[in-house]
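This report refers to the structure that appears directly beneath it.
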Amino acid sequence: MVFTDVADTDQLDDILHATYPLLREIKYVITVDRKIIRENVALLENAEVALLPPFSGG
Numbered sequence: 001m002v003f004t005d006v007a008d009t010d011q012l013d014d015i016l017h018a019t020y021p022l023l024r025e026i027k028y029v030i031t032v033d034r035k036i037i038r039e040n041v042a043l044l045e046n047a048e049v050a051l052l053p054p055f056s057g058g
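Per full-length UniProt numbering, residue 1 is the first one in the sequence shown, and the count goes up by one each step.
Printed below as a string of C-alpha cells:
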C-alpha cells in the first residue's frame, strides 16, 4: 500500500484503524525502515513501514 501525506506513525495507525477496524483487536508492532519503533516517529518520503504480529525469539 502507498499512503501520501502521512506525517507520522500515529497518523498512519489512525488511518489504518479507520480503514480496517479489526486491526484494533490485533496486537502488532510497527517497523519503519526495518527498525521496530515503540513511539511516534515522523515518516519521511519513501519510508518502508511494516506491521509485525507477535513473535517469540529462540
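Just so you know, even glycine gets a beta-carbon here, dropped at the ideal spot from N, CA and C.
Per the coordinates, the alpha-carbon of Leu-51 lies some 9 Å from the alpha-carbon of Val-32.
In terms of Cα proximity to Val-6, the closest of Ser-56, Pro-53, Ala-42 and Ile-26 is Ala-42. The residues Tyr-28, in chain order, have a CB closer than 7 Å to that of Pro-53 in the same chain once the five nearest residues on each side in sequence are set aside. The beta-carbon separation of Thr-4 and Asn-40, rounded to 19 Å, does not stay under the 8 Å limit for a contact. Per DSSP, the continuous alpha helix (DSSP H) segment holding Thr-19 begins and ends at 9-19.
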